[in-house]
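Heads up, the thing below is written out as structure tokens.
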Amino acid sequence: MKKLWTLCLAMVFGAMMIAGCGGNEQSSSEGGADSSKPIVIGLDDSYPPMGFKDENNEIVGFDIDLAKEAAKRLNRPVEFKAIDWSSKEAELQSGRVDILWNGLDITEERKQNMLFSDPYMKNRQVVFVPVDVNVTSIDELKGKVIGTQSGSTAETFLDNNKEYADQFSEVKKYGDYIDAFMDLENGRIDAVVTDELVGTYYMQKHPNSFKETTIVVGEPTDFGIAFAKENTALRDEVQKVMNEMKADGTIAKISEKWFGKDITNE
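For the sequence shown, the residue numbers in mature numbering (1 follows the signal peptide of the UniProt record, and there is no 0) are -21 to -1, 1 to 245.
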């Protein structure tokens, strides 16, 4: 009887040890899966120079380089997901993307639905016209057709300032700025309202087609990185490495690559 009791105890103890080891393996596996899970970044892939497809169909750009370096420092893989920019809030809130990182203006309206990083670059909305057109005030564009992108800061301003928008014969909205500038070049619209950085990029690529006016639409803003409201942990991690990248000059180097100088401190 004593031998039988000893054998039973040994079997029970052995089962407990196996269960304990199994639990440890599961916890270790879950932790590894978390650290290797890609950070999914949502972007408009037709938004140069912040994020766009190059001639090899690779997504490149200023924000892309920033995001890659941040993910590298976090020891996390990164996945770039092209989304409908006009549905960016839904993409973020549904969890289909973890971050919106693509020349996104920080606004009070967006703060209600998103968690933002600290600003990392200044921005403003500017009017671009054909190279042979001379305008110096918004009054000269009365009765004209203006183009902008759906879901953009310019669209939000025009939608919220009806009296301002009503001076134009039409505000034409595009899925991306590539189509807007194409229509501008072909004379189908009279001007494009866009982020100054984006418009300047197109102007440099097509110096005989477009030029920047001195007309600023709305108030200057800041670019920020957006996260789901509840995702404070990821926001804090990304903010920490962004602070490090700024301090060690990495952001300045990336800016010089894309803009010829460090414009992140302007």
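The C-beta atom is built at its ideal place from N, Cα and C for all residues, glycine as well.
Keep in mind the model is a prediction, meaning the values are calculated, not measured.
- Note on geometry: alpha-carbon atoms of Leu163 and Pro109 lie some 7 Å from one another.
- Judged by beta-carbon spacing, Val124 lies beyond the 9 Å limit of Phe107, meaning their Cβ atoms are not closer than that value.
- In this structure the stretch 131 to 150 does not touch the stretch 92 to 99; the number of beta carbon pairs closer than 8 Å is below three.
- Nearest to Ser65 by C-alpha distance, out of Leu83, Phe238 and Val57, is Leu83.
- Counting only residues of its own chain and dropping the five nearest sequence neighbours on each side, Val19 has a CB closer than 6 Å to the CB of Glu58, Lys60, Val76 and Asp77.
- Going by DSSP, Ile242 is part of no alpha helix (DSSP H) at all; its letter is neither H nor E.
- According to DSSP, Met93 shares a beta bridge with Ala207.
- Judged by pairs of C-beta atoms under 8 Å, the stretch 203 to 221 does not touch the stretch 149 to 156, as fewer than three such pairs exist.
- Across the set Asp158, Leu79, Asn92 and Phe31, the C-alpha of Leu79 shows the shortest separation from the C-alpha of Val217.
- In this chain, Lys121 is not harboured by any alpha helix (DSSP H), its DSSP state being neither H nor E.
- Assigned with DSSP and collapsed to three states, Asn222 falls in helix.
- A contact is defined here as three or more CB-CB pairs under 8 Å, and the stretch 110 to 124 fails this definition with respect to the stretch 217 to 226.
- Secondary structure of Tyr99 (DSSP, three-state): coil.
- A Cβ-Cβ separation of about 14 Å leaves Gly154 out of contact with Asn81 under the 8 Å criterion.
- About 7 Å separates the beta carbons of Ile194 and Val105, which is inside the 8 Å limit, making them a contact pair.
- Each of Val177, Ala205 and Lys236 was checked against the Cα of Asp24, and the nearest Cα belongs to Val177.
- Linking Lys225 to Phe136 through their CA atoms gives a straight-line distance of about 31 Å.
- When rounded, the separation of the alpha-carbon atoms in Phe189 and Gln91 is 36 Å.
- As summarised for the stretch 161 to 194, the continuous beta strand (DSSP E) elements at least 3 residues long and confined to that stretch are 170 to 174, given in chain order.
- The shortest CA-to-CA distance from Ala231 to any of Asp44, Lys184 and Leu22 is the one to Asp44.
- With a contact defined as Cβ atoms closer than 8 Å, Pro199 and Lys101 qualify at about 6 Å.
- Of the candidates Asn165, Ile157 and Arg167, Ile157 places its Cα closest to the Cα of Thr179.
- A direct Cα-Cα distance of roughly 12 Å separates Lys16 from Leu53.
- As DSSP reads the structure, Ile18 sits in a beta bridge with Val57.
- Secondary-structure assignment with DSSP links Leu83 through a beta bridge to Gly203.
- Of the other Cβ atoms in all chains shown, 16 or more fall within 10 Å of the Cβ of Ala159; this residue is therefore buried.
- Per DSSP, the unbroken beta strand (DSSP E) holding Phe31 starts and ends at Gly30 to Lys32.
- Shortest Cα-Cα distance from Ser131 to any of Ala205, Asp174 and Asp169 involves Asp174.
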